[in-house]
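Heads up, the thing below is written out as structure tokens.
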Ligand SMILES: *Cc1c(COP(=O)(O)O)cnc(C)c1O
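Residue numbers (my numbering): 8 to 441.
Shown next, in the form of structure tokens:
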């Protein structure tokens, strides 16, 4: 419904762009969206993004702005802060960081001196994020980094992490990941950080919705600072929140975000986040977040039953990784590309304990998650159908080097039939349900 309103308003002004918008609406309805960091936000969340708040400037924070005319923007930002604090149990919240990467940069620059600050975090190829000190990110160029990884069971080894922290003495100890399917022991991370005198940071971008809905343990009161994107499992607009406990931390973060890194806040986004936080306080959202995990576990179990190598042997959260090279001798990138051809959209991903052929752009694994499918109303029994679609597609993929113009499918007609079947299946679900 909101899709039609949007395109009908844009169409008369800019038909060329309206056609692209409509094509994306149709794509999102017709495929199985399994990128674990994506979701379908509610019509109310998306409508708020189009509000007149988008026309307003307001550098500063509620009650202390550099421009006049802030009666409504102050009310919006105060409401959003109040809801974020209530939902996650932290006394301070900053909602101005424009997205996850700038939120993390805000935290680092609040507490660390360039070229002196030390950050300890998870390595990228084991599930860490670029902003956790990758050499291609300024976070890896401006700060001294030590990375920890997973053990042979694809799990965090907390004793090893403590040993490294005692040796490296980080100023900020980071937990929270983009591709780790297991519960994070926030209590233990907080304990280690206190022992070495570090600030603990949990970047819970992926699992914020699970924490809000009670499907993953909370970082409170163990972790000092919590940063996260609002558009993943939390099901809001693209944005970010930074929570903190100590007033001196909150003050440093507020200053780092504005004026340290940014100019005027995006009030339409902050208002839209407020709507998402309101939704996240509902019973329906608790059910959704529990179902996200049940669906991921059902999908993992189905894939393992069909002989696929699921990293760490399953999942506790919304995502899972499959080592497709170990499972079927297939490279992750080819699998992701061919799955998209039949209508299953996920991403290729590095996996821990991979073969020596693995490279970031040529990894051994694929990563998938259930938030979007769950928002569409799918349950465990539908995950059996999804696993079956994926299995049929992967069994039909050629493993070896392909000649120019050679079909990557063993049976191209079967791939075409499967594409039609997946499309019909996807279209039988709405894009948003409670
Ligand atoms: C998604 C993500 C980010 C970055 O968020 P953007 O909105 O893409 O900048 C940061 N950290 C983690 C752990 C993430 O999963």
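Ideal Cβ placement from N, Cα and C applies to all residues, glycine included.
Spatial neighbours of residue i in its chain, beta-carbon cut-off 6 Å, leaving aside the 5 residues before and after
| i | result |
| --- | --- |
| residue 234 | 110, 111, 114, 210, 249 |
| residue 222 | 296, 297, 300 |
| residue 132 | 357 |
| residue 336 | 406 |
| residue 101 | 249, 260, 261, 264 |
| residue 158 | 164 |
Whole-angstrom distance between residue j and residue i, CA atom to CA atom
| i | j | result |
| --- | --- | --- |
| residue 391 | residue 402 | 16 Å |
| residue 288 | residue 98 | 17 Å |
| residue 51 | residue 241 | 14 Å |
| residue 344 | residue 204 | 45 Å |
| residue 23 | residue 64 | 30 Å |
| residue 229 | residue 196 | 8 Å |
| residue 430 | residue 396 | 11 Å |
| residue 123 | residue 148 | 11 Å |
| residue 184 | residue 212 | 8 Å |
| residue 260 | residue 412 | 54 Å |
| residue 136 | residue 107 | 10 Å |
| residue 365 | residue 167 | 24 Å |
| residue 93 | residue 294 | 19 Å |
| residue 224 | residue 315 | 28 Å |
| residue 276 | residue 362 | 42 Å |
| residue 78 | residue 56 | 19 Å |
| residue 32 | residue 348 | 18 Å |
Contact belief for residue i with residue j at Cβ below 8 Å, rounded distance in angstroms
| i | j | result |
| --- | --- | --- |
| residue 104 | residue 247 | 4 Å |
| residue 284 | residue 90 | 4 Å |
| residue 153 | residue 199 | Between residue 199 and residue 153 the Cβ distance is about 13 Å, and since that is not below 8 Å, they are no contact. |
| residue 95 | residue 214 | Actually they are not in contact, since the Cβ atoms of residue 95 and residue 214 sit about 12 Å apart, beyond 8 Å. |
| residue 226 | residue 279 | In fact, because the Cβ distance is near 24 Å, the residues do not count as touching under 8 Å. |
| residue 426 | residue 339 | With a Cβ gap of about 21 Å, residue 426 and residue 339 do not count as contacting. |
| residue 408 | residue 417 | With a Cβ gap of about 15 Å, residue 408 and residue 417 do not count as contacting. |
| residue 274 | residue 38 | Going by Cβ atoms, the distance from residue 274 to residue 38 rounds to 33 Å, so no, they are not a contact pair. |
| residue 220 | residue 175 | Residue 220 to residue 175, Cβ: 35 Å. No contact. |
| residue 134 | residue 186 | 4 Å |
| residue 86 | residue 281 | 5 Å |
7 Å Cβ shell around residue i - same chain, five flanking residues per side excluded
| i | result |
| --- | --- |
| residue 319 | 160, 161, 162, 188, 189 |
| residue 306 | 327, 377, 390, 393, 394 |
| residue 303 | 322, 324, 325, 326, 327, 376, 377 |
| residue 398 | 313 |
| residue 256 | 231, 232 |
| residue 70 | 81 |
| residue 17 | 24, 25, 28 |
| residue 43 | 213, 325, 326, 374, 375, 376, 378 |
Per-residue burial, residue i [other beta carbons within 10 Å of its own, 16 or more giving buried]
| i | result |
| --- | --- |
| residue 264 | buried |
| residue 368 | exposed |
| residue 332 | buried |
| residue 62 | exposed |
| residue 138 | buried |
| residue 286 | buried |
| residue 59 | exposed |
| residue 20 | exposed |
| residue 239 | buried |
| residue 121 | exposed |
| residue 383 | buried |
| residue 385 | buried |
| residue 254 | exposed |
DSSP-derived helix/strand/coil call for residue i
| i | result |
| --- | --- |
| residue 319 | helix |
| residue 354 | strand |
| residue 207 | strand |
| residue 416 | strand |
| residue 166 | helix |
| residue 68 | strand |
| residue 155 | strand |
| residue 366 | strand |
| residue 222 | coil |
| residue 106 | coil |
| residue 101 | strand |
| residue 161 | coil |
| residue 8 | coil |
| residue 279 | helix |
| residue 251 | strand |
| residue 134 | coil |
| residue 376 | strand |
8 Å Cβ shell around residue i - same chain, five flanking residues per side excluded
| i | result |
| --- | --- |
| residue 172 | 127, 180, 199, 200, 202, 203, 205 |
| residue 66 | 72, 73, 74, 265, 266, 270, 271, 272 |
| residue 373 | 328, 329, 331, 339, 342, 343, 346, 353, 354, 355, 356 |
| residue 35 | 47, 438 |
| residue 146 | 111, 112, 115, 126, 137, 138, 139, 140, 152 |
| residue 237 | 215, 243, 244, 245, 246, 247, 248, 280, 283 |
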